[in-house]
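Have a look at the structure below before the remarks.
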Amino acid sequence: MYFKRIYISLYLILIRTECYLEIVIMYEQIKEKLTAHGLKVTMQRVAVYEALLTTKEHPSAEMIIDIVSAKYPGISTGTIYKTLETLVEKDLVRKIKNDGDKMRYDAHTDRHHHIYLENSDKIMDYYDDDLNKLLEDYFKNKSIPHVQIQDMKLEIIAKYI
Ligand SMILES: [Zn+2]
Numbered sequence: 199m200y201f202k203r204i205y206i207s208l209y210l211i212l213i214r215t216e217c218y219l220e221i222v223i224m225y226e227q228i229k230e231k232l233t234a235h236g237l238k239v240t241m242q243r244v245a246v247y248e249a250l251l252t253t254k255e256h257p258s259a260e261m262i263i264d265i266v267s268a269k270y271p272g273i274s275t276g277t278i279y280k281t282l283e284t285l286v287e288k289d290l291v292r293k294i295k296n297d298g299d300k301m302r303y304d305a306h307t308d309r310h311h312h313i314y315l316e317n318s319d320k321i322m323d324y325y326d327d328d329l330n331k332l333l334e335d336y337f338k339n340k341s342i343p344h345v346q347i348q349d350m351k352l353e354i355i356a357k358y359i
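Numbering (the working numbering), first residue to last: 199 to 359.
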């Protein structure tokens with residue numbers, strides 16, 4: 199019984215340390231990214247960027263406001279909107295359009311495609327190197343008049359089964 203208690207305590211300490219380390223690593227990554235993109239590290243920017251990085255939901259501005267306000271009640275809605283725009287301007291976050299008028303945000307700026315689920319407002323990430331190569335090869339031999347392609351992303355509409 200005594201050993202079991204020690205074991206549980208050690209286990210809990212390990213979990214807490216791991217969580218703490220994850221938070222520190224996340225904060226360091228955020229700091230590095232903000233600085234690399236020419237932004238000063240402020241509490242507001244860290245809070246908004248952290249909210250975006252820790253979700254794969256492609257949140258709307260309202261969802262981000264909810265997440266940030268729950269954790270940092272001192273940050274105003276206006277500041278969150280402004281911070282979001284700054285992160286978009288500096289290419290740390292991308293705006294993606296939803297089916298409706300609502301704008302959604304994506305902090306995962308590595309190359310990926312989006313799957314829009316019908317009957318749900320979920321947008322899933324889709325990574326596929328073969329598809330990227332296929333698209334690149336296709337447009338190598340076929341140009342679109344008056345435009346120069348900068349990037350290609352597929353919008354996939356699907357039903358969740
Ligand atoms: Zn995405």
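By construction, the Cβ of each residue, glycine as well, lies at the ideal position given by its N, Cα and C atoms.
A quick note: this is a predicted structure, and the numbers were derived from the prediction, not measured.
Original post:
From what residue to what residue does the beta strand (DSSP E) around Ile347 run?
Top reply: The residue you call residue 347 lines up with position 149 of the sequence shown. Here Ile347 belongs to no beta strand (DSSP E), and DSSP marks it neither H nor E.
Original post:
What residue range is occupied by the uninterrupted beta strand (DSSP E) comprising Ile294?
Top reply: One-based indexing of the sequence shown puts residue 294 at position 96. Here the beta strand (DSSP E) through Ile294 covers 292-295.
Original post:
Looking at the unbroken beta strand (DSSP E) that takes in Asp304, where does it start and where does it end?
Top reply: As a working note, residue 304 is residue 106 in the sequence shown. Start and end: 301-304.
Subject >> Beta-carbon separation (whole angstroms), Leu315 vs Lys357, contact threshold 8 Å >> reply: As a first step, residue 315 must be located in the sequence shown, where it is residue number 117. As a first step, residue 357 must be located in the sequence shown, where it is residue number 159. Contact flag correct, Cβ pair sits at about 7 Å.
Subject >> Paired residues, beta bridge with Tyr225 - DSSP >> reply: Counting from 1 along the sequence shown, the entry for residue 225 is found at position 27. DSSP output for Tyr225 lists no bridge partner at all.
Original post:
Under a Cβ-count criterion, where at least 16 other Cβ atoms within 10 Å of its own Cβ denotes burial, should His256 be classed as buried or exposed?
Top reply: As a first step, residue 256 must be located in the sequence shown, where it is residue number 58. Flag for His256 reads buried.
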